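Visitor: I have a structure here, written as structure tokens, and I will follow up with some questions on it.
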């Protein structure tokens, strides 16, 4: 199998066929968090089974050994797509992707699942195989990476919370709730519509120290209820509603 250049703290990726990828745990070594890795993959597989087939969820093809098999997205994750094509993205595509992000969360919440780690990296961009009336390729979003997610039936808890700027520092409880995902959605739609994370005018910081500084600054601003101006953006009211906890659902 062909190794792919994506690696996370608990997983790696291999191309199993032309349209499918295998996502096994990162190779373990003595003293590593083996139980944590196994739990993360068990949770992801169970949640993907619960969500079933849906156009906004990454297609799941079962287990293979100690990994899970998923469909491969033609354009990678949403963060890389935005960073590489921001200048080319027309308004209709941005709004289509924003609507689809909300659709993915709506389906998930209707099935009792809270993602708890929503960010552009955890959406995949895929060619739908169709064209618009003016000949433009129509792209679809797939929500992915449910290792940190929670669900009441069956009882699953990945024990994760989002990172800044997709996290609301004003929370009074560290329990994942639908509002956790809804706040994240506000920052995701903002990133789709502007091309940048809140309070950024360039792609996300690549250096760990710069990222820490950015997150500290944004936590202070969000903690005071200070958010970027969205008045001139399509969907600006929706973004503000997510950030200001006015939106109770994504429908």
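Residue numbers (this note's numbering): 4 to 254.
Ideal Cβ placement from N, Cα and C applies to all residues, glycine included.
Here the structure is a predicted model, which means the values were calculated and not measured.
(1) Give me the Cα-Cα distance between residue 231 and residue 21, rounded to the nearest whole angstrom.
(2) State the Cα-Cα distance for the pair residue 155 and residue 114, rounded to the nearest angstrom.
(3) Would residue 98 and residue 237 be called neighbours here (beta carbons separated by less than 8 Å)?
(4) Is the beta carbon of residue 129 less than 8 Å from the beta carbon of residue 141?
(5) Output needed for residue 117: all residues of its chain with C-beta closer than 7 Å, excluding positions within five of it in sequence on either side, in chain order.
(6) Within 10 angstroms of the Cβ of residue 43, are there 16 or more other Cβ atoms? Answer buried if so, exposed if not.
(7) Tell me the residue span of the alpha helix (DSSP H) that contains residue 244.
(8) Just verifying my parser: in three-state terms, what is the DSSP assignment at residue 66?
(9) Smallest Cα separation from residue 203: which of 110, 131, 218?
(10) Name the one or two DSSP bridge partners that residue 117 has.
(11) Given this structure, state the Cα-to-Cα distance separating residue 164 from residue 171, to the nearest angstrom.
(12) Relative to the C-alpha of residue 229, which candidate in 8, 243, 133, 74 has its C-alpha closest?
(13) Provide the residue span of the beta strand (DSSP E) that contains residue 188, from first to last.
(14) Who are residue 14's beta bridge partners in DSSP?
Guide: With the given structure in hand:
(1) Rounded to whole angstroms, residue 231 to residue 21 spans 42 Å at the Cα level.
(2) Their Cα atoms are separated by approximately 10 Å.
(3) For residue 98 and residue 237, yes; Cβs fall inside 8 Å.
(4) Going by C-beta atoms, residue 129 is not nearer than 8 Å to residue 141.
(5) In its chain, beyond the 5 residues on either side, 152, 153, 179, 180, 181, 183, 184 have a beta carbon closer than 7 Å to the beta carbon of residue 117.
(6) With 16 or more Cβ atoms within 10 Å of its Cβ, residue 43 is classed as buried.
(7) First-last of the alpha helix (DSSP H) with residue 244: 239-246.
(8) Residue 66: strand per DSSP, three-state reduction.
(9) Distances from the alpha-carbon of residue 203 to those of 110, 131, 218 put 218 closest.
(10) Partner(s): 153.
(11) If I take the Cα positions, the gap works out to 10 Å.
(12) Comparing Cα positions, the closest option is 243.
(13) That residue, residue 188, is in no beta strand (DSSP E); its alpha helix (DSSP H) goes 181-197.
(14) DSSP lists 28 as partners of residue 14.
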